[in-house]
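Protein chains in written order, with this note's numbering: chain C, 420 to 725; chain R, 166 to 415; chain A, 15 to 337.
Virtual Cβ for every residue (Gly too), placed ideally from N, Cα, C.
On a predicted model such as this, the values are computed, not experimentally measured, just so you know.
Down below is the structure, laid out as structure tokens.
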Amino acid sequence: MTLSLFLTQALNGVQFGVMLFLMAAGLTLVFGIMNLVNLAHGSLYMMGAYFLAALVPVTGNFFVAAVLAVAASLALGIVVELIALRTLYRRDHLDQVLCTFGLILFFNEIVRMIWGATALFVQPPPILSGFVQLLPGVIYPVYRLTIMGVGLAVAIFLYWLNGHTRLGMLIRAGASNRAMVGALGVNITLLYTLVFGLGAALAGLAGVMAGPILSVQSGMGDSILILTFVVIVIGGIGSIRGALVASILVGVVDTVGRVFLPLVLGAVFSPATSSKVGPAIASMSIYILMAAILFFRPQGLFPAHR
Amino acid sequence: MAEPLLAVESLVKRFGGLVATDHLSLAVEPAELHAVIGPNGAGKTTLIAEIIGELGVDEGRIRFDGHDITHRPTPVRSALGLARSFQVTSLFPDMSALDNVALAVQAHSGHSFRFWRDARADASLRDPAHDVLAQVGLGPRADVLAGNLAHGEQRQLEIAMALATKPKLLLLDEPMAGMGTEESAQLVTLLKSLKRRFTILLIEHDMDAVFQLADRITVLVYGRAIATGTPDAIRANADVRQAYLGEEEE
Amino acid sequence: MLTNRRFVAVASFLVLLALVPLLARFVGGEAFWIKFATRVMIYAIAAVSLDLILGFGGMVSFGHAAFLGVGAYAVGILSAEGIANGFVQWPVAILASALIAAAIGAISLMTRGVYFIMITLAFSQMLYFLGVSLTAYGGDDGMRLANRSRFPGLIDLSGDVTFFYVVLAILIGALVAGHRLVNSRFGMVIQGCRSNERRMRAIGFPTFRYKLAAFVISGVMCGIAGALLANLTAFVSPSEMHWTRSGEIMVMVIMGGMGSLFGPVLGAAGLLVLEEILSSHTQHWQAILGPILVLLVLFAKRGLFGLIDGKSAEKPAGLTGHG
Numbered sequence: 420m421t422l423s424l425f426l427t428q429a430l431n432g433v434q435f436g437v438m439l440f441l442m443a444a445g446l447t448l449v450f451g452i453m454n455l456v457n458l459a460h461g462s463l464y465m466m467g468a469y470f471l472a473a474l475v476p477v478t479g480n481f482f483v484a485a486v487l488a489v490a491a492s493l494a495l496g497i498v499v500e501l502i503a504l505r506t507l508y509r510r511d512h513l514d515q516v517l518c519t520f521g522l523i524l525f526f527n528e529i530v531r532m533i534w535g536a537t538a539l540f541v542q543p544p545p546i547l548s549g550f551v552q553l554l555p556g557v558i559y560p561v562y563r564l565t566i567m568g569v570g571l572a573v574a575i576f577l578y579w580l581n582g583h584t585r586l587g588m589l590i591r592a593g594a595s596n597r598a599m600v601g602a603l604g605v606n607i608t609l610l611y612t613l614v615f616g617l618g619a620a621l622a623g624l625a626g627v628m629a630g631p632i633l634s635v636q637s638g639m640g641d642s643i644l645i646l647t648f649v650v651i652v653i654g655g656i657g658s659i660r661g662a663l664v665a666s667i668l669v670g671v672v673d674t675v676g677r678v679f680l681p682l683v684l685g686a687v688f689s690p691a692t693s694s695k696v697g698p699a700i701a702s703m704s705i706y707i708l709m710a711a712i713l714f715f716r717p718q719g720l721f722p723a724h725r
Numbered sequence: 166m167a168e169p170l171l172a173v174e175s176l177v178k179r180f181g182g183l184v185a186t187d188h189l190s191l192a193v194e195p196a197e198l199h200a201v202i203g204p205n206g207a208g209k210t211t212l213i214a215e216i217i218g219e220l221g222v223d224e225g226r227i228r229f230d231g232h233d234i235t236h237r238p239t240p241v242r243s244a245l246g247l248a249r250s251f252q253v254t255s256l257f258p259d260m261s262a263l264d265n266v267a268l269a270v271q272a273h274s275g276h277s278f279r280f281w282r283d284a285r286a287d288a289s290l291r292d293p294a295h296d297v298l299a300q301v302g303l304g305p306r307a308d309v310l311a312g313n314l315a316h317g318e319q320r321q322l323e324i325a326m327a328l329a330t331k332p333k334l335l336l337l338d339e340p341m342a343g344m345g346t347e348e349s350a351q352l353v354t355l356l357k358s359l360k361r362r363f364t365i366l367l368i369e370h371d372m373d374a375v376f377q378l379a380d381r382i383t384v385l386v387y388g389r390a391i392a393t394g395t396p397d398a399i400r401a402n403a404d405v406r407q408a409y410l411g412e413e414e415e
Numbered sequence: 015m016l017t018n019r020r021f022v023a024v025a026s027f028l029v030l031l032a033l034v035p036l037l038a039r040f041v042g043g044e045a046f047w048i049k050f051a052t053r054v055m056i057y058a059i060a061a062v063s064l065d066l067i068l069g070f071g072g073m074v075s076f077g078h079a080a081f082l083g084v085g086a087y088a089v090g091i092l093s094a095e096g097i098a099n100g101f102v103q104w105p106v107a108i109l110a111s112a113l114i115a116a117a118i119g120a121i122s123l124m125t126r127g128v129y130f131i132m133i134t135l136a137f138s139q140m141l142y143f144l145g146v147s148l149t150a151y152g153g154d155d156g157m158r159l160a161n162r163s164r165f166p167g168l169i170d171l172s173g174d175v176t177f178f179y180v181v182l183a184i185l186i187g188a189l190v191a192g193h194r195l196v197n198s199r200f201g202m203v204i205q206g207c208r209s210n211e212r213r214m215r216a217i218g219f220p221t222f223r224y225k226l227a228a229f230v231i232s233g234v235m236c237g238i239a240g241a242l243l244a245n246l247t248a249f250v251s252p253s254e255m256h257w258t259r260s261g262e263i264m265v266m267v268i269m270g271g272m273g274s275l276f277g278p279v280l281g282a283a284g285l286l287v288l289e290e291i292l293s294s295h296t297q298h299w300q301a302i303l304g305p306i307l308v309l310l311v312l313f314a315k316r317g318l319f320g321l322i323d324g325k326s327a328e329k330p331a332g333l334t335g336h337g
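What follows is the structure, encoded as structure tokens:
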């Protein structure tokens, strides 16, 4: 085990955490403000990736395709909100879970119908496809660094939006007191649609950025959705700050755990045992982390005040 | 003199900068009907939550029937004989009135890890529940779903559920809230019939009712008890007139 | 409480079910129908178990498939280690699901509402990944069992018809036990917690331990369904624990009618038949099933079992549940 390997893996963890943050920020906003449990958030991520894969050959330019794909995710999110989810805000969580579960089945199948069952691959743009040397002996893909940069930019954007704009003020007020925002004469229906669209665009952006590093396939949104839930539970529902901290935490623990836990176990137990047990424990590590955090802080690390 | 049934000693509760309960002391003697009044925001509901254990306190002690219950969870306090009714009606709306009361009876007849016998055919639960319903005047309404009862009836059911736990102390949190004149009058009659049979701590906005019913009254302002005494003494108390009764016309 | 019409409906459904092996002989495709009906009954047991905590206890567990997997893997792993004796396998399956339900329940029930949904989902997904990483026991692909559980001196399960009737007996047992349970003192406490947990605590119930007990009972019942499932197909794989399976079990409960014990049985039959029909017409049947679910939730919450009475159950408006 070398330091450079460790650094590379830690960076991979941060990069994964950034993707989770983009997902969690949208989901936690939608939950905090509209009180909606949206399982279909992962589908929006998947659709973002598929839009990119479809648009790159058409436009011939990765960046144009990426911008269009995020816009398409935003539009799709708004359409889904208008058609199906709007009626769910006043229903209980069980109805929301079932309904959005139905949406997942629909989206997972629809991409198979349109783009086929085999996975699609997207090449990163040439300008981002090289490696850079960060430290002597530590080289890292430019594309992954770009993801981190974009994630950081989004985090700053959300911070600004939340703290320094009228929309952010309404979002914060809406999370703590729905009736009051309505009393202020704000068009709450429009506010909800906007927030949902923002969440959808962030999920689409995460999908777009995942396109070149993962295979684009049906169901790709499901596993990240559940990790996003873990992030939100750890961070505290409705808290963007909690989402950021927990995303990075989960990303790093998951990535680093998968690589190093088997090695650590190998040092303690026999190779046969560790090769059997290692992957099992590594795959469980973030859930154990979640259980431990919940045990001490049932409301998560940064519970939003309501 | 014997120890009071409930003794609240120098209780303090802060919410951030706001002191909701400010070195509040209060004693409820056995068999008395003790009323707590105070303007909105005086901390009456906070006090109930502290006594029943839904809200922790920062300083002070609560003693009940010889036990220090300051840090005991709500169900334990209930088992010791504290029962409350809720200001905002809090029932099991999808169960019948009788089921509501029977559950309260069941809560105080041993553990409920009994998986086989039909609880709705269990006379040891149903009979006392019928009795209590009759006491509060809901006998004929036993089979109506609680959620379908009229508002006044729901308030009566609230009290029935508290009674069914055979409490030593009954905490009534604004039982008259939202009631019309006639319903209020009925409830006053009911409370009069319960007086002496139960020790009652009554929190109420309706001044007529309070001065009719109470043996002693404690006046709460900004989380402090500014006076305690008989209705006549409270009426005559200058501090109370200034702090509270003067601004009664809300 | 069962109304007369409901009682007739339940009885005739069960009689009809019991006749499946005979009827199948006339229709043809005997082996298929018997296996299909057995699968329906096994999922019905799982759905009834979820309904105990979801419909009666108000606990929205989105990870129930985990217990299906625990029961199945208990049988599968013992079988792979050469222990085919059902007198060992089945108690181990029950014990394992009880322990895991107790652990998951103890942590999840400290929270409520949407946290509970997400945490149960996350834990079931953890077990799914655990199953995937068990390469010694088939990993992602799952593993084949040499044979069904052996009950020497009691019964031989290797015949599909025998197995069918054993599962039917267990289903009826589960329904009877469930019926007693929800109407017992314990059942009243669980329903009180669904209706208004704060009030339950105020009248003196330490609610956590009752909810945990219900969670464990439900987990065990679902674990038994898992053990049966492993026996039915002689195959165990992580896909039984996948979160979409949890979703399906939940859909069965809702489709059939939540909060009625027999509803989930109808729901299991309804969903599996629907899947069977849709998938025989198009490989993209999930694109049709998804919107059906959405419409079902939005417009037909009372479920199939509710239709039997014709009239809507007496329920006060706007006062149910709190997430």
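Around V128 of chain A, the beta-carbon contacts reaching into chain C at under 7 Å are F450, V456, H512, I656.
Proximity to I322 of chain A across A:V287, A:G271, A:Q300, A:G218 peaks at A:G271, based on C-alpha coordinates.
Closer than 8 Å to the CB of A272 of chain R there is at least one CB belonging to chain A. Note: D641 of chain C is not bridge-paired with any residue in the DSSP secondary-structure output. Against chain A, a Cβ distance below 9 Å from L522 of chain C picks out G304, P305, L307, V308. Taking A172 of chain R as the centre and dropping the five residues before and after it, the same chain places the C-beta of A192, R228 closer than 7 Å to its C-beta, in chain order.
Taking C-alpha positions only, A61 of chain A is separated from M266 of chain A by approximately 6 Å. DSSP lists R:L171 as the beta-bridge partner residues of V193 of chain R. Secondary structure note for R677 of chain C: it is in no beta strand (DSSP E), and the uninterrupted alpha helix (DSSP H) holding it is 659-687.
Taking 8 Å as the upper bound for CB-CB distance, H512 of chain C and V74 of chain A are in contact here, some 6 Å apart. Runs of the beta strand (DSSP E) lying entirely within the stretch 334-384 of chain R and spanning at least 3 residues, in chain order: 334-338, 364-368.
The shortest CA-to-CA distance from L624 of chain C to any of C:V541, C:I566, C:F540 is the one to C:I566.
From the beta-carbon of D338 of chain R, no residue of chain A is found nearer than 7 Å; the closest lies around 11 Å away.
In the DSSP assignment, I227 of chain R falls within the unbroken beta strand (DSSP E) covering 224-229.
Taking the C-beta atoms as reference points, F81 of chain A is found nearer than 8 Å to A115 of chain A. With respect to the 8 Å criterion, M202 of chain A and P717 of chain C are not classified as neighbours on the basis of their beta carbons. Distance check between G312 of chain R and each of R:G388, R:M260, R:M372 places R:M260 closest, using alpha-carbon atoms only. Using a Cβ-Cβ cut-off of 8 Å, Y611 of chain C does not count as an interface residue toward chain A, since no Cβ of chain A sits closer than that to its own.
In the three-state reduction of the DSSP assignment, P238 of chain R falls in the coil class, being assigned neither a helical nor a strand state. A Cβ of chain A is located within less than 8 Å of the beta carbon of T239 of chain R. By a beta-carbon distance limit of 8 Å, L621 of chain C contacts V573 of chain C. Their separation comes to about 7 Å.
Contact between A284 of chain R and Q271 of chain R holds, since their C-beta atoms are separated by about 7 Å, short of 8 Å. Uninterrupted alpha helix (DSSP H) stretches at least 4 residues long and entirely within the stretch 171-206 of chain A occur at 174-197, given in chain order. Secondary structure at R158 of chain A: strand, using DSSP grouped into helix, strand and coil.
Distance from F101 of chain A to F46 of chain A at the Cβ level is roughly 31 Å; contact not present, criterion being Cβ atoms closer than 8 Å. Partner residues in the beta bridge of L176 of chain R, as assigned by DSSP, are R:L189. Linking M235 of chain A to H316 of chain R through their CA atoms gives a straight-line distance of about 41 Å.
Along the stretch 264-279 of chain A, going in chain order, the ones with a CB nearer than 7 Å to a CB of chain C are M264, V265, I268.
A direct Cα-to-Cα measurement between F251 of chain R and Q351 of chain R gives close to 18 Å. When 9 Å is used as the limit between beta carbons, V102 of chain A is near no residue of chain R, the shortest such separation being about 26 Å. F440 of chain C sits in a helix when the DSSP states are folded into three classes. Check the Cα spacing between N161 of chain A and each of A:I121, A:I263, A:I91: the tightest is with A:I91.
Excluding the 5 residues flanking it on each side, D174 of chain A has same chain C-beta neighbours closer than 8 Å at A45, I48, K49, T52, in chain order.
In the DSSP assignment, N99 of chain A is bridged to A:R164.
Only buried fits Q300 of chain A, as 16 or more other CB atoms lie within 10 angstroms of its CB.
In the DSSP assignment, T393 of chain R is bridged to R:T383.
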